Every structure is written in structure tokens, then in C-alpha cells.
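A.B. asks:
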Amino acid sequence: MRIVALAGGIGGARFLRGLREAIGPEDEITVIGNTGDDIHLYGLKVCPDLDTVMYTLGGGIHEEQGWGRTDETWSIKAEMKEYGVGPEWFGLGDRDFATHLVRSQMLTAGYTLSQVTEALCVRWRPGVRLLPMSDDRVETHVRITDDQGTRAIHFQEYWVRLHAAVDAEAIVPIGADTAKPAPGVLEAIAAADVILLPPSNPVVSIGTILAVPGIRAAVAAASAPVVGLSPIIGGAPVRGMADKVLAAIGVEATADAVALHYGSELIDGWLVDTADEAAVAAVEAAGIACRAVPLLMTDVAATAEMARAALALAERVRG
127 MRIVALAGGI GGARFLRGLR EAIGPEDEIT VIGNTGDDIH LYGLKVCPDL
177 DTVMYTLGGG IHEEQGWGRT DETWSIKAEM KEYGVGPEWF GLGDRDFATH
227 LVRSQMLTAG YTLSQVTEAL CVRWRPGVRL LPMSDDRVET HVRITDDQGT
277 RAIHFQEYWV RLHAAVDAEA IVPIGADTAK PAPGVLEAIA AADVILLPPS
327 NPVVSIGTIL AVPGIRAAVA AASAPVVGLS PIIGGAPVRG MADKVLAAIG
377 VEATADAVAL HYGSELIDGW LVDTADEAAV AAVEAAGIAC RAVPLLMTDV
427 AATAEMARAA LALAERVRG
């Protein structure tokens with residue numbers, strides 16, 4: 127079985143770890159990772175979502191945080207602060223710095239982001255094929271209004287520095303409209319037996335991936351069933367502040383509203399948590415097969431059960 131998953135950071139990475147446990151040794155997973163969160167810091171190219179997937183599946187993630195490296199130290203950041211160089215609000219530890227240094231050196235030498243990601247994965251051996259959504263530069267920006275007026279800021283500043291405390295007025299994936307899917311992305315989607323949308327942020331993670339011309343159309347046209355898992359449980363995000371960015375595009379923070387946002391032209395099946403069982407009827411009325419199952423990723427075993435439920439729903443849709 128060839129499985130393709132579109133994934134963001136923490137939620138996507140943790141789901142993928144469960145998915146990897148749920149499949150057989152002959153099955154293959156290709157992950158199309160969001161690069162809209164990418165940012166340049168300290169002269170380095172930082173890819174938070176790609177690295178979170180790589181570290182999580184490679185056994186190097188800081189489990190409590192869900193991002194960054196385990197057993198991290200912060201000497202470089204402390205020295206940068208002494209020089210008056212920021213930003214202080216974004217945490218790059220010493221071990222993490224090494225990844226960004228290698229990536230930036232390779233990019234400067236002329237390698238593409240796809241090639242660099244493949245090279246980094248040689249060390250981490252995540253057990254999946256990890257592809258950036260595009261080799262082109264795409265950055266998600268958020269329009270806000272605060273005491274400095276109306277302005278657009280990088281998504282990382284909105285999420286990490288401001289903690290989404292200011293209303294998001296618009297989400298703009300800068301560069302997405304002219305970006306091209308990375309090599310292998312469209313081919314993987316076309317060859318897939320199952321396509322999964324993990325419980326990643328539907329706006330700034332999966333939504334940004336789908337904003338790259340050709341990717342949404344490829345998913346919609348795929349012969350494989352497309353099944354998503356709700357990132358909303360009981361009217362609230364499982365993790366993070368997805369409700370803030372959903373509001374910016376006029377979508378309620380409910381399990382059924384997110385399914386309808388994707389739409390029956392894109393997804394064939396949708397899993398909601400048992401707490402949202404009442405949403406099943408509305409989703410199915412829209413032409414999307416729906417089941418209510420436990421969706422809290424409390425541990426790898428529970429997450430593997432979620433993945434099995436998604437694969438079972440895909441089989442049901444396939445008929």
C-alpha cells in the first residue's frame with residue numbers, strides 16, 4: 127500500500143508516528159510537508175514543519191514541547207543575545223542550529239530544498255519519504271491590526287511571539303500562487319492507494335500545501351480515497367490556536383465545519399472524535415463518509431488506532 131499524507135508540524139508528525147506503527151513492513155508512506163512556516167533567522171533557512179516530522183519520526187524530538195531537539199542546550203542563542211542579535215522569541219537550540227547550518231550551506235551550494243531534505247533524512251531515517259511541498263520560497267503571512275496599525279507579519283511571529291492573541295484578519299501564503307510542486311509530489315499523489323489529511327492545521331498547514339498550484343487538483347483527481355482527521359474536538363483545537371486562523375477565513379471551529387471547508391470535491395472520508403458524534407450526520411449529508419472514533423493522540427498506541435480507523439474508512443469509501 128502506498129500512502130500519501132499531507133502534514134504540518136506537531137500534530138501531523140505525531141499522527142505519522144502512529145501511522146507508521148499501524149501499517150505493514152511492505153507499505154510505503156510519502157509525506158508532503160508544509161513549508162509555508164519556513165523562516166530565515168540568523169542568516170539560516172529554518173523549516174519548522176519538515177524538521178518536526180524528521181525529528182519526531184527519527185527519535186530526536188523534544189517530546190514535551192513537540193518541537194526542537196531532545197537534550198537541547200542554548201549556548202548559541204545566549205551568545206547571540208549578548209551581541210544584541212535576535213529574535214529572542216524564536217527558540218533555536220544548539221543541536222537544532224546544526225540542522226539549519228547544514229541546510230543553509232547546501233542551499234547556498236545550489237542544492238534544492240528537496241535534495242537537502244533527502245540528505246538530512248539520511249541521518250534521521252524517519253521511515254517515510256519526506257518531500258517539501260515546493261522547492262520554491264513560500265511564506266505564510268498574517269494580516270493583523272494592533273497598536274502599530276494594520277500590517278502583515280510572518281506566521282511564526284503571529285504564532286510564537288504573539289501567541290495568536292491578536293485577531294487574524296487574513297492568511298496570505300506569499301509566493302504560493304507562483305510556486306511549483308516539488309519533484310515527486312504530484313507523482314506520489316497520482317500513484318497513491320490512500321491519501322490522508324492528518325489532524326494538522328487546516329488553514330496554515332494543509333491549506334498552504336493545497337495552495338501550491340497543482341496539488342489541490344491532483345488530490346481531487348486522485349483515484350485513491352482521501353480521508354481526513356478532524357483537528358477540532360468538542361469545538362476547540364486539540365493543540366495550538368487553529369480556531370484563530372479558521373476565523374480569519376470564516377470557518378467555525380467545529381469538526382463538521384472543517385470537513386465542509388475541505389469539501390466533498392476534495393475529501394471522501396472524515397473522522398471526528400466521539401465527542402463530536404453529532405457532527406457525523408451533517409458531514410455525511412454533504413456527501414462525505416464520516417465516522418466518530420477517539421482522536422486524542424495520548425500515546426503512540428492510541429494514535430496507531432486512529433490511523434487504522436482512517437485506513438479502514440478509506441477501504442469503506444473505496445467500496
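Residue numbering for the sequence shown is 127 to 445, as defined by the numbering used here.
Glycine is no exception: its CB is placed at the ideal position from the N, C-alpha and C atoms.
Keep in mind that this is a model prediction, so the values were computed, not measured.
Specify, as a first and last residue, the run of the alpha helix (DSSP H) that Ile136 falls within.
C.D. replies: As a first step, residue 136 must be located in the sequence shown, where it is residue number 10. It spans 136-148 - the alpha helix (DSSP H) in which Ile136 sits, taken as one unbroken run.
A.B. asks: Which residue comes first and which comes last in the alpha helix (DSSP H) that contains Glu313?
C.D. replies: By 1-based counting over the sequence shown, the position of residue 313 is 187. First-last of the alpha helix (DSSP H) with Glu313: 311-317.
A.B. asks: Using 9 Å as the threshold, is the C-beta distance between Gly134 and Asp175 below it?
C.D. replies: The sequence position of residue 134 within the sequence shown is 8, counting from 1. The sequence position of residue 175 within the sequence shown is 49, counting from 1. Taking 9 Å as the Cβ cut-off, Gly134 and Asp175 qualify as a contacting pair.
A.B. asks: For the candidate residues Arg146, Gly159, Ala139, Asp425, whose alpha-carbon lies nearest to that of Leu437?
C.D. replies: Your numbering for residue 437 matches position 311 in the sequence shown. That would be Arg146, whose Cα lies nearest to the Cα of Leu437.
A.B. asks: Can you give the beta carbon distance from Thr276 to Arg269, rounded, assuming they're within the 8 Å contact cut?
C.D. replies: Looking up residue 276 in the sequence shown gives position 150. Looking up residue 269 in the sequence shown gives position 143. Their Cβ separation, rounded to whole angstroms, is 7 Å, which keeps Thr276 and Arg269 in contact under 8 Å.
A.B. asks: If you follow the beta strand (DSSP E) that Val172 is part of, which residue opens it and which one closes it?
C.D. replies: Locating residue 172 in the sequence shown gives position 46, where the first residue counts as 1. Run containing Val172: 170-172, per the beta strand (DSSP E) assignment.
A.B. asks: In the DSSP assignment, the beta strand (DSSP E) including Thr266 goes from what residue to what residue?
C.D. replies: On the sequence shown, residue 266 is found 140 positions in, with the first residue counted as 1. 265-272 is the extent of the beta strand (DSSP E) around Thr266.
A.B. asks: Give me the Cα-Cα distance between Lys207 and Pro252, rounded to the nearest whole angstrom.
C.D. replies: One-based indexing of the sequence shown puts residue 207 at position 81. One-based indexing of the sequence shown puts residue 252 at position 126. The straight-line gap from Cα to Cα measures roughly 33 Å.
A.B. asks: Excluding the 5 residues flanking Asp220 on each side, which residues of the same chain have their C-beta closer than 6 Å to its C-beta?
C.D. replies: Taking the first residue of the sequence shown as position 1, residue 220 is located at position 94. The residues are Thr199, Ser201, Ile202.
A.B. asks: Buried or exposed: where does Asp293 fall if 16 or more other Cβ atoms within 10 Å of its Cβ makes it buried?
C.D. replies: Indexing the sequence shown from 1 puts residue 293 at position 167. So Asp293 counts as exposed.
A.B. asks: So the alpha helix (DSSP H) Leu246 belongs to, where does it begin and stop?
C.D. replies: Working through the sequence shown from its first residue, we reach residue 246 at position 120. That run of the alpha helix (DSSP H) goes 239-250.
A.B. asks: Tell me whether Trp396 is buried or exposed, calling it buried when 16 or more other Cβ atoms sit within 10 Å of its Cβ.
C.D. replies: The count along the sequence shown starts at 1 and reaches residue 396 at position 270. Per the 10 Å Cβ criterion, buried.
A.B. asks: Does the distance from the CB of Gly426 to the CB of Arg128 come in under 9 Å?
C.D. replies: For the purposes of this step, residue 426 is identified with residue 300 of the sequence shown, where counting begins at 1. For the purposes of this step, residue 128 is identified with residue 2 of the sequence shown, where counting begins at 1. At residue 426 the sequence reads Val, which differs from the Gly that was named. For Val426 and Arg128, no; Cβs fall outside 9 Å.
A.B. asks: Quick test of your reading: Met259 and Ile335, contact by CB under 8 Å. State the CB separation rounded to the nearest angstrom.
C.D. replies: The residue you call residue 259 lines up with position 133 of the sequence shown. The residue you call residue 335 lines up with position 209 of the sequence shown. Yes, they are in contact, since the Cβ atoms of Met259 and Ile335 sit about 5 Å apart, within 8 Å.
A.B. asks: Beta-carbon within less than 7 Å of Thr271's beta-carbon, same chain only, minus the 5 sequence neighbours each way: which residues are those?
C.D. replies: The residue given as residue 271 occupies position 145 in the sequence shown. Excluding positions up to five away in sequence, the list reads Glu295.
A.B. asks: When you compare only the Cα positions, how much space is there between Met432 and Gly185?
C.D. replies: Here residue 432 refers to the residue found at position 306 when the sequence shown is read from its first residue. Here residue 185 refers to the residue found at position 59 when the sequence shown is read from its first residue. Each residue's Cα considered, the two are about 21 Å apart.
A.B. asks: Report the option in Tyr388, Asp394, Pro325 whose CA atom is closest to the CA atom of Met367.
C.D. replies: Stepping through the sequence shown from its first residue, residue 367 is reached at position 241. For the residues Tyr388, Asp394, Pro325, the minimum Cα distance to Met367 belongs to Pro325.
A.B. asks: Just to confirm, does Ala344 get its C-beta within under 8 Å of one of the non-hydrogen atoms of the ligand PLP?
C.D. replies: The model on display carries no ligand, and the ligand PLP is accordingly not part of it.
A.B. asks: Given a cut-off of 9 Å on the beta-carbon distance, is the pair Val157 and Ala318 in contact?
C.D. replies: Position 31 of the sequence shown holds residue 157. Position 192 of the sequence shown holds residue 318. No, the Cβ-Cβ distance between Val157 and Ala318 is not below 9 Å.
A.B. asks: Nearest to Pro151 by alpha carbon, out of Ala381, Val254, Val329?
C.D. replies: Within the sequence shown, the letter at position 25 stands for residue 151. Taking only the C-alpha atoms, the option nearest Pro151 is Val254.
A.B. asks: Measuring CA to CA, which of Glu154, Thr424, Ile187, Gln231 is closest to Val364?
C.D. replies: As a working note, residue 364 is residue 238 in the sequence shown. Checked all of Glu154, Thr424, Ile187, Gln231; the closest Cα to Val364 is Thr424.
A.B. asks: Taking C-alpha atoms, which residue in Val353, Lys370, Arg342 lies nearest to Phe281?
C.D. replies: Indexing the sequence shown from 1 puts residue 281 at position 155. Cα-wise, what sits closest to Phe281 is Lys370.
A.B. asks: Does Ala440 come out as helix, strand or coil in the three-state DSSP assignment?
C.D. replies: Within the sequence shown, numbered from 1, the residue matching residue 440 stands at position 314. Three-state DSSP puts Ala440 in a helix.
A.B. asks: In this structure, does DSSP put Arg365 in helix, strand or coil?
C.D. replies: Reading the sequence shown from its first residue, position 239 is the one you call residue 365. Correct three-state label for Arg365: coil.
A.B. asks: Classify Ala379 as helix, strand or coil using the three-state DSSP reduction.
C.D. replies: Here residue 379 refers to the residue found at position 253 when the sequence shown is read from its first residue. Coil at Ala379, not helix or strand.
A.B. asks: For the beta strand (DSSP E) containing Val409, list its first residue and its last residue.
C.D. replies: In the sequence shown, counting from the first residue as 1, residue 409 sits at position 283. From DSSP, Val409 is part of no beta strand (DSSP E) but of the alpha helix (DSSP H) over 406-411.
A.B. asks: If we count the other Cβ atoms within 10 Å of its Cβ and call it buried at 16 or more, is Val406 buried or exposed?
C.D. replies: Translated into the one-based positions of the sequence shown, residue 406 becomes position 280. Burial call: buried.
A.B. asks: Check each candidate in Leu170, Thr380, Gly212 and name the one with the smallest Cα separation from Asp222.
C.D. replies: Taking the sequence shown and counting its residues from 1, the one referred to as residue 222 is at position 96. Among Leu170, Thr380, Gly212, the Cα nearest to that of Asp222 belongs to Leu170.
A.B. asks: Just the C-alpha distance for Val172 and Gly194, rounded to the nearest angstrom, thanks.
C.D. replies: Stepping through the sequence shown from its first residue, residue 172 is reached at position 46. Stepping through the sequence shown from its first residue, residue 194 is reached at position 68. The straight-line gap from Cα to Cα measures roughly 12 Å.
A.B. asks: Considering just the uninterrupted stretch of the beta strand (DSSP E) at Val320, what are its terminal residues?
C.D. replies: If you number the sequence shown from 1, residue 320 lands on position 194. 320-323 is the extent of the beta strand (DSSP E) around Val320.
A.B. asks: Which residue wins for smallest C-alpha separation from Ala362, given the options Pro351, Val377, Ala350, Thr178?
C.D. replies: For the purposes of this step, residue 362 is taken as residue 236 along the sequence shown, with counting starting at 1. Out of Pro351, Val377, Ala350, Thr178, Val377 has the C-alpha closest to the C-alpha of Ala362.
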